[in-house]
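Chemist: Residue numbers (this note's numbering), protein chains in the order written: chain A, 295 to 493; chain B, 295 to 493. All C-beta atoms in this analysis are idealised placements derived from N, C-alpha and C, irrespective of residue type, glycine included.
Below, the structure written as structure tokens:
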């Protein structure tokens, strides 16, 4: 045997298909599983199976839910005239934890990355435009990241939405709260200056 | 919802129990699972369940096997008088891939790490001493790593085995094949000099 037993090798192959898991991490994970109690492995496998079977994307906003629609879209107190566009469900969680946003969301499930061949047709842009056309929101806030691809996506969306007569805003770029200026990169500082507001 | 749906959170918690998986990797893995085809997730879950259910440690040497004993211990052509002691099953694979070792193995399942409170009773030392007492091997080669803990373990084993009248050897420390001297650390160079052999 110059290799692992076949069953072991299959599990290693399946694990290395996961993002961020290389051959060494896969080995460590399998040895951990071999040594832990049977119930712990079962908990892991059951929870993954449950996610795959029962978690779906909200058909309205694309957020995660185990119901027909997500808890935010179901909430009657949310302002449906204010739509915040984000890249991922985890961005929804980040914004909800900040706790001040009264509107609803639209999850793009990615961003436009021209270099990787990811265009507007690969993310949930059409759904956003359809939703805007149907619901006529008061304002759409574009909250994609402030990296190159996030900005590209924001620019594309702003054009399309404005062409459809929707008011579009972009979240502010600037220095994060609690940072000192000498740790900031020049581009962030420039954006912070550009975005200055009167007291 | 300032958090993920409960099912999602449970799976995140279970994933972060695995070695080397933090909250962010767990998120990436779950999103990958949510997006991939159902059969791919099933393959992953089935292969992990199969490993847990059917892979065991060989009762003779501690190597991995899906049979009663491992393929090396079952092989009648292997020299049972020559036992190579390693830390982990993956070391067995590394040595088997090198391809020249005619003997059998003994897997310690770890090493003595005094700082972490891992003593000789936490790894398969007793099994090795019992095996040596029972089979009276011609030679035991200690092939633990050449880091501090590997050396500590080797020293401990060599004393115990010699006390039991067994011939003990240690794999050579030195410069790896293909390396130039100026990339080597001083300790390795010193070991390489100490371990010099006549042409």
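Would you verify that the beta carbon of residue 305 of chain B is, or is not, closer than 7 Å to some beta carbon of chain A?
Modeler: Position 11 of the second chain, counted from the start, is the residue given in the question as residue 305 of chain B. By this cut-off, residue 305 of chain B is an interface position.
Chemist: The alpha helix (DSSP H) spanning residue 326 of chain B covers which residue range?
Modeler: Residue 326 of chain B sits at position 32 when you count from the first residue of the second chain. Unbroken alpha helix (DSSP H) run through residue 326 of chain B: 317–329.
Chemist: What are the start and end residues of the alpha helix (DSSP H) that includes residue 450 of chain A?
Modeler: Here residue 450 of chain A is taken as the residue at index 156 of the first chain, counted from 1. Unbroken alpha helix (DSSP H) run through residue 450 of chain A: 442–457.
Chemist: With DSSP run on the structure shown, which of helix, strand or coil describes residue 414 of chain A?
Modeler: Indexing the first chain from 1 puts residue 414 of chain A at position 120. Residue 414 of chain A falls in the helix class under three-state DSSP.
Chemist: Mind listing the chain A neighbours of residue 452 of chain B? Cutoff is C-beta to C-beta under 7 Å, in chain order.
Modeler: Against the second chain, residue 452 of chain B aligns to sequence position 158. None at all; the shortest Cβ gap to chain A is about 26 Å.
Chemist: Counting Cβ pairs closer than 8 Å, one from the segment 423–438 of chain B and one from the segment 464–481 of chain B, do we hit at least three?
Modeler: Result yes; three or more Cβ-Cβ pairs closer than 8 Å.
Chemist: Mind checking who residue 436 of chain B pairs with in its DSSP beta bridge?
Modeler: Working through the second chain from its first residue, we reach residue 436 of chain B at position 142. Bridge partners of residue 436 of chain B: B:379 and B:464.
Chemist: Please confirm if the segment 377–391 of chain A is in contact with the segment 309–321 of chain A, defined as three or more CB-CB distances below 8 Å between the two stretches.
Modeler: No, they do not touch.
Chemist: What does the alpha-carbon distance come out to for the pair residue 309 of chain A and residue 337 of chain B?
Modeler: As a position in the first chain, residue 309 of chain A is number 15, starting the count at 1. As a position in the second chain, residue 337 of chain B is number 43, starting the count at 1. Rounded to the nearest angstrom, the two C-alpha atoms are 10 Å apart.
Chemist: Looking at the unbroken alpha helix (DSSP H) that takes in residue 471 of chain B, where does it start and where does it end?
Modeler: On the second chain, position 177 is the one that residue 471 of chain B refers to. From DSSP, residue 471 of chain B is part of no alpha helix (DSSP H); its letter is neither H nor E.
Chemist: In three-state DSSP terms, what is residue 494 of chain A?
Modeler: Beyond the ends of chain A as shown, which are 295 and 493, falls residue 494 of chain A; an answer cannot be given.
Chemist: From A:400, A:408, A:370 and A:368, pick the residue whose C-alpha is nearest to that of residue 382 of chain A; which is it?
Modeler: Taking the first chain and counting its residues from 1, one reaches residue 382 of chain A at position 88. When only C-alpha atoms are compared, the closest one is A:400.
Chemist: Assign residue 475 of chain A to buried or exposed, taking buried as 16 or more other Cβ atoms, counted over all protein chains shown, within 10 Å of its Cβ.
Modeler: For the purposes of this step, residue 475 of chain A is taken as residue 181 along the first chain, with counting starting at 1. Flag for residue 475 of chain A reads exposed.
Chemist: Taking a cut of 9 Å between CB atoms, which residues from the segment 308–324 of chain A lie near chain B?
Modeler: Against chain B - using a Cβ distance shorter than 9 Å - the residues of the segment 308–324 of chain A are 308, 309, 311, 312, 313, 314, 315, 318, 319, 321, 322, 323 and 324.
Chemist: Does chain A have any CB closer than 7 Å to the CB of residue 339 of chain B?
Modeler: By one-based count along the second chain, residue 339 of chain B stands at place 45. By this cut-off, residue 339 of chain B is an interface position.
Chemist: Between the beta-carbon of residue 341 of chain B and the beta-carbon of residue 304 of chain A, is there less than 7 Å?
Modeler: As a position in the second chain, residue 341 of chain B is number 47, starting the count at 1. As a position in the first chain, residue 304 of chain A is number 10, starting the count at 1. Yes, these two residues count as a Cβ contact at 7 Å.
Chemist: Residues of chain A with a CB under 7 Å from the CB of residue 384 of chain B: which are they?
Modeler: Indexing the second chain from 1 puts residue 384 of chain B at position 90. Near residue 384 of chain B (Cβ distances below 7 Å), the residues of chain A are 321.
Chemist: Check each residue of the segment 344–361 of chain A: if its Cβ is closer than 7 Å to any Cβ of chain B, include it; give the result in chain order.
Modeler: Cβ contacts with chain B: 344, 345, 346, 348, 349, 358, 359 and 360.
Chemist: What does the Cβ neighbour count give for residue 299 of chain B, buried or exposed, with the cut at 16 atoms within 10 Å?
Modeler: Position 5 of the second chain, counting from 1, holds the residue named residue 299 of chain B. The residue is buried, with at least 16 neighbouring Cβ atoms inside 10 Å.
Chemist: Looking at the C-beta of residue 299 of chain B, does it have a partner C-beta in chain A at a distance below 7 Å?
Modeler: As a working mapping, residue 299 of chain B is identified with position 5 in the second chain. For residue 299 of chain B, the answer is yes, since a Cβ of chain A falls inside 7 Å of its Cβ.
Chemist: Tell me which same chain residues have a C-beta within less than 7 Å of the C-beta of residue 414 of chain A, skipping the five on either side of it?
Modeler: Counting from one through the first chain, the residue named residue 414 of chain A turns up at place 120. Taken in chain order, the residues that qualify are 406 and 450.
Chemist: Using the beta-carbon count (16 or more within 10 Å), is residue 313 of chain B buried or exposed?
Modeler: In the second chain, the residue the question calls residue 313 of chain B occupies position 19. Residue 313 of chain B comes out exposed.
Chemist: Under the assumption that residue 403 of chain A contacts residue 444 of chain A (Cβ atoms under 8 Å), give the Cβ distance between them as a whole number of angstroms.
Modeler: One-based indexing of the first chain puts residue 403 of chain A at position 109. One-based indexing of the first chain puts residue 444 of chain A at position 150. Not quite, the Cβ-Cβ distance comes to about 14 Å (not below 8 Å), so this is no contact.
Chemist: In angstroms, rounded to a whole number, what distance separates the CA positions of residue 295 of chain A and residue 469 of chain A?
Modeler: Position 1 of the first chain, counted from the start, is the residue given in the question as residue 295 of chain A. Position 175 of the first chain, counted from the start, is the residue given in the question as residue 469 of chain A. Below a pLDDT of 50, predicted positions are generally treated as unreliable, and residue 295 of chain A, at 43, falls in that range; the measurement from the model is reported next regardless. Approximately 57 Å between the Cα atoms of the pair.
Chemist: Over what stretch of residues does the alpha helix (DSSP H) that includes residue 398 of chain B continue unbroken?
Modeler: Along the second chain, one-based indexing puts residue 398 of chain B at 104. Looking at the DSSP string, residue 398 of chain B is not in any alpha helix (DSSP H); the run it does join, the beta strand (DSSP E), is 397–401.
Chemist: Check whether the Cβ of residue 342 of chain B lies closer than 7 Å to any Cβ atom in chain C.
Modeler: This model lacks chain C altogether; the protein chains it does include are A and B.
Chemist: Under a CB-based cut-off of 7 Å, is residue 400 of chain A close to chain B?
Modeler: Stepping through the first chain from its first residue, residue 400 of chain A is reached at position 106. By this cut-off, residue 400 of chain A is not an interface position.
Chemist: For residue 396 of chain B, which residues in the same chain have their Cβ closer than 6 Å to its Cβ, ignoring the five residues on either side in sequence?
Modeler: Looking up residue 396 of chain B in the second chain gives position 102. Taken in chain order, the residues that qualify are 373.
Chemist: Report the rounded CA-to-CA distance for residue 426 of chain A versus residue 378 of chain A, giving the unit in angstroms.
Modeler: Numbered from 1 along the first chain, position 132 holds the residue referred to as residue 426 of chain A. Numbered from 1 along the first chain, position 84 holds the residue referred to as residue 378 of chain A. Their Cα atoms are separated by approximately 12 Å.
Chemist: Nearest chain B C-beta to residue 295 of chain A closer than 7 Å, yes or no?
Modeler: To locate residue 295 of chain A, count along the first chain from 1; it is residue 1. Only weak support is given to the placement of residue 295 of chain A: the predicted model assigns it a pLDDT of 43, under 50, and the value that follows is read from those uncertain coordinates. With 7 Å as the cut-off, residue 295 of chain A counts as an interface residue toward chain B.
Chemist: According to DSSP, residue 358 of chain A sits in a beta bridge with which residue or residues?
Modeler: Taking the first residue of the first chain as position 1, residue 358 of chain A is located at position 64. Its beta-bridge partners are A:351.
Chemist: Hey, out of A:442, A:398 and A:346, whose CA is closest to residue 566 of chain A's CA?
Modeler: Since the displayed chain A opens at 295 and closes at 493, residue 566 of chain A lies outside it and no answer follows.
Chemist: What residues match up with residue 385 of chain A in a beta bridge as DSSP calls it?
Modeler: Along the first chain, read from residue 1 onward, the residue named residue 385 of chain A stands at position 91. In the DSSP output, where bridge partners are listed per residue, residue 385 of chain A has none listed.
Chemist: I'd like the span of the alpha helix (DSSP H) that includes residue 424 of chain B, first residue to last.
Modeler: In the second chain, the residue the question calls residue 424 of chain B occupies position 130. It spans 419–429 - the alpha helix (DSSP H) in which residue 424 of chain B sits, taken as one unbroken run.
Chemist: Using the rule of at least 16 other Cβ atoms within 10 Å of the residue's Cβ for burial, across every protein chain shown, is residue 346 of chain A buried or exposed?
Modeler: Taking the first chain and counting its residues from 1, one reaches residue 346 of chain A at position 52. By the neighbour-count rule (16 or more Cβ atoms within 10 Å), residue 346 of chain A is buried.
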